[in-house]
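What follows is a set of notes on a single structure, which appears directly below.
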Amino acid sequence: MEIIEDRHGRLSTIIASQLSVNVSYEVIGESAIANAILYKAHRIELPGESMRKLGSK
60 MEIIEDRHGR LSTIIASQLS VNVSYEVIGE SAIANAILYK AHRIELPGES
110 MRKLGSK
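Below is the structure:
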């Protein structure tokens, strides 16, 4: 969180996750912090099955 706080409003930060946005709120736990992180986020959700799952079959 210190990195995010230091960079907020000054520098770009990329955070990549395999979790959906809805689950991110649960994982972060603190709703105020989750809102602060996700408020101005550009979200790209990729549809379909995981390529890892498809490659392991």
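Throughout the sequence shown, residue numbering follows our numbering, covering 60 to 116 in sequence.
Every residue gets a Cβ at the ideal spot worked out from N, C-alpha and C, and that includes glycine.
Continuous alpha helix (DSSP H) stretch holding residue i: start and end
{"i": "A95", "result": "90-97"}
{"i": "S83", "result": "80-87"}
C-alpha distance - residue i paired with residue j, whole-angstrom precision
{"i": "A91", "j": "V80", "result": "15 Å"}
{"i": "V82", "j": "G88", "result": "10 Å"}
{"i": "M60", "j": "L113", "result": "34 Å"}
{"i": "I103", "j": "S76", "result": "10 Å"}
C-beta atoms of residue i and residue j nearer than 9 Å
{"i": "V86", "j": "L97", "result": "no"}
{"i": "Y84", "j": "A93", "result": "yes"}
Cβ neighbours of residue i in the same chain (closer than 6 Å, five flanking residues each side left out)
{"i": "H101", "result": "none"}
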